[in-house]
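What follows is one structure encoded as structure tokens, with my remarks underneath.
Protein chains: 2
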Amino acid sequence: MPKRLTPADVSEFRNRLCDVAEHLFAEHGPDAVTIRQLAAELGVSAMTPYRYFADKDAILAAVRARAFDRHAQALENARATPATNATERSNRIGAAYVRFALENPEAYKLMFDVRQPGAEAYPDYARAAARSRATMTAHLEDLAAAGLFHGDTQLVGHIYWAALHGPIMLQLSGLLLPPFDAERLITGLTAAITKEHFGPRGPESGHD
Amino acid sequence: MPKRLTPADVSEFRNRLCDVAEHLFAEHGPDAVTIRQLAAELGVSAMTPYRYFADKDAILAAVRARAFDRHAQALENARATPATNATERSNRIGAAYVRFALENPEAYKLMFDVRQPGAEAYPDYARAAARSRATMTAHLEDLAAAGLFHGDTQLVGHIYWAALHGPIMLQLSGLLLPPFDAERLITGLTAAITKEHFGPRGPESGHD
DNA sequence: CGTAAAGTCTTACGTTGTAAATTTATGGCG
DNA sequence: CGCCATAAATTTACAACGTAAGACTTTACG
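The listed protein sequences correspond, in order, to chains A and B.
Residues in the first sequence are numbered consecutively from 1, following our numbering.
Residues in the second sequence are numbered consecutively from 1001, following our numbering.
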């Protein structure tokens, strides 16, 4: 049944496979999903995916990259949304970050999964991850441009990032017991960062 | 070769197996290690481990529990070490936390791995994890007892925990690019928490 | 219109986790 | 002291996995 594959055909198949893989990964975990399942779901034979991906590891990397891209898109959307001032926009980006993580916990787990050692070697993954990181520091540059922040935007951007990531990961690991959850810890942490870096009477800032 | 197994025999074999598993997991990742490898390393047949563990998942849970126990032990040692004052002891516990994570990155990854969904169902794992968490809040109770802190010890303990965990996990995910690393972000975050919760001129507090 | 090549499918292999059957050694009882 | 029920370990066996190799099938171009 082969007609010559255009690059568009290739990337369409890759996308369809990643869509299916994403759902199955989220439902059963990446280890429990087999190539044969993916192939069956797509109505092709077990070997067909290997025309489009080097191996299963590459499929995992591609799905992780796509998750990072959707995450980055959510952050960029928040940054592009009109806001009354730079501080509000900044908070909106933080809120978008947390909302994405809590509404797509399986995607977030995949993004920051620590069990694929060579992930940075996949260019798509590296680029998508860098794109998320970029917005996390860019919004501090916005604040600096508006004269609302004077300091190391890269450093404080990373600190802010870690202040969201830590609580989220603790919650997703199942190690936060009621009444504690990511939201609450993030509120506490971002309040501390805000006071530290925006003066003792700086703008009130939760993440939403 | 069977002599009746005493409970001591059983737990000795379990320990030996976990020792081996820990090393192999650290070296190759838990997915890449097979039961047959573990058995060979122990000089027994492939099925023998199944006398001591229900399945591979239970072995992973046991190794994770042991890692949490060693971590908890490191924290408890730091807490038990004499210090000139409660603040210093508190900082030492934070330092012990970070040191353990950075000196045993594979163990730390395993502890907070997000890919074993039913982990809390293993009592050993749940207990070991709770033991680590307990020390992370206990040292704030020490500060409160010394009159150096007035506030919600549980809440701020968790916030402090998240402030260490976030940077560490970002670094272990390989997503922190020079010049940023966990140490630096932790310094920034703990400084902010300290100022927030110990007044604008509270004690200077890095984590070491 | 034929043919080289591209795409797909089928077949096949080594490895995995583990169930079932088998062997082996021992501690308790006549 | 000798036998044997049984606990422990091993051997064997199987279905499922990732994927290499080869066979088939369709298309684009000379």
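We treat Cβ as the ideally placed atom computed from N, Cα and C, and that holds for glycine.
None of these values were measured; they are calculated from a predicted model.
Short of 7 Å in beta carbon distance, which residues of its chain neighbour residue i, apart from the five on each side in sequence? Order them along the chain.
| i | result |
| --- | --- |
| B:Thr1153 | Thr1137, Leu1140, Glu1141 and Ala1144 |
| A:Tyr172 | Per the sequence presented here, residue 172 of chain A reads as Leu, with Tyr not at that position. So the list reads Pro105, Tyr108 and Lys109, once near-sequence residues are dropped. |
| A:Arg92 | Ala78, Thr81 and Ala83 |
| A:Asp181 | Gln171 |
| B:Asn1148 | According to the sequence shown, residue 1148 of chain B is Leu rather than Asn. Once the five neighbours on either side are set aside, the close Cβ partners of B:Leu1148 are Ala1086 and Thr1087. |
| A:Glu76 | Thr135 |
Would you give the residue range spanned by the alpha helix (DSSP H) that residue i belongs to?
| i | result |
| --- | --- |
| A:Leu155 | Thr153 to Leu172 |
| A:Pro7 | Pro7 to His28 |
| B:Pro1123 | Pro1123 to Ala1145 |
| B:Gly1094 | Ala1086 to Glu1103 |
| A:Val63 | Lys56 to Ala80 |
Mind checking whether residue i and residue j have CB atoms under 9 Å apart?
| i | j | result |
| --- | --- | --- |
| A:Ala68 | A:Ala26 | According to the sequence shown, residue 68 of chain A is Phe rather than Ala. Against a cut-off of 9 Å, the Cβ pair of A:Ala26 and A:Phe68 comes out as no contact. |
| A:Arg99 | A:Ala74 | yes |
| A:Val63 | B:Met1169 | no |
| A:Pro179 | B:Ala1162 | no |
| A:Ala72 | A:Thr135 | yes |
| B:Gly1118 | B:Leu1164 | no |
Just to make sure I have the definition right: I need the residues of chain A whose C-beta is within less than 7 Å of the C-beta of residue i. Which are they?
| i | result |
| --- | --- |
| B:His1071 | Those do not exist, as B:His1071 stays about 12 Å from chain A at its closest Cβ, beyond 7 Å. |
| B:Arg1064 | Within 7 Å Cβ-Cβ: nothing; B:Arg1064 doesn't reach chain A, min ~11 Å. |
| B:Leu1185 | His158, Ile159 and Ala162 |
| B:Ala1129 | Leu175 |
Would you report the Cα separation of residue i and residue j, rounded to the nearest angstrom?
| i | j | result |
| --- | --- | --- |
| A:Glu22 | A:Leu189 | 32 Å |
| B:Ile1159 | A:Leu185 | 5 Å |
| A:Leu102 | B:Pro1007 | 44 Å |
| B:Lys1056 | B:Ile1035 | 7 Å |
| B:Arg1051 | B:Gly1029 | 24 Å |
| A:Leu175 | B:Asp1124 | 14 Å |
| B:Ala1039 | B:Asp1009 | 17 Å |
| A:Ala46 | A:Leu60 | 17 Å |
| B:Ala1192 | A:Thr194 | 8 Å |
| A:Asp31 | B:Glu1183 | 32 Å |
| B:Arg1016 | A:Gly43 | 47 Å |
| A:Arg133 | A:Ala96 | 14 Å |
| A:Glu12 | A:Arg4 | 14 Å |
| B:Met1111 | A:Met111 | 18 Å |
| A:Leu155 | B:Ala1121 | 39 Å |
Is residue i a contact residue of the ligand ZN, with contact defined as CB to any heavy atom under 8 Å?
| i | result |
| --- | --- |
| B:Glu1103 | In the structure shown, the ligand ZN is absent, as is every other ligand, since no ligand is present at all. |
Since residue i meets chain B, which of its residues come closer than 8 Å, beta carbon to beta carbon?
| i | result |
| --- | --- |
| A:Arg115 | Gly1029, Pro1030, Asp1031, Lys1109, Asp1113 and Arg1115 |
In chain order, what residues of the same chain have a beta carbon less than 6 Å from the beta carbon of residue i, not counting five sequence neighbours either side?
| i | result |
| --- | --- |
| B:Gly1206 | Confidence is the limiting factor: at B:Gly1206 the pLDDT is only 42, short of 50, which leaves the residue's position unreliable, though a coordinate-based value still follows. Taken in chain order, the residues that qualify are Thr1187. |
| A:Pro200 | Residue confidence for A:Pro200 is low, a pLDDT of 42 falling below 50, so the modelled location carries little weight; the figure read from the coordinates is stated next. No residues qualify anywhere along the chain. |
| A:Glu204 | Note that A:Glu204 scores 43 on pLDDT, short of 50, meaning its location in the model is unreliable and no value can be drawn from it. |
Name, please, each residue of chain B whose Cβ falls closer than 7 Å to the Cβ of residue i.
| i | result |
| --- | --- |
| A:Ile265 | The question about residue 265 of chain A has no answer here: the residues shown for chain A are numbered 1 through 208. |
| A:Ser173 | Phe1112 and Val1114 |
| A:Pro178 | The contacting residues do not exist; A:Pro178 stays about 11 Å from chain B at best. |
If you drop the 5 nearest sequence neighbours on each side, which residues of the same chain put their C-beta closer than 8 Å to that of residue i?
| i | result |
| --- | --- |
| A:Phe53 | Arg14, Leu17, Ile59 and Ala62 |
| B:Gln1037 | Leu1024 |
| A:Ser90 | His139, Leu140, Asp142, Leu143 and Ser205 |
Who are the neighbours of residue i on chain B, taking C-beta pairs under 9 Å?
| i | result |
| --- | --- |
| A:Glu120 | Gly1174 and Leu1175 |
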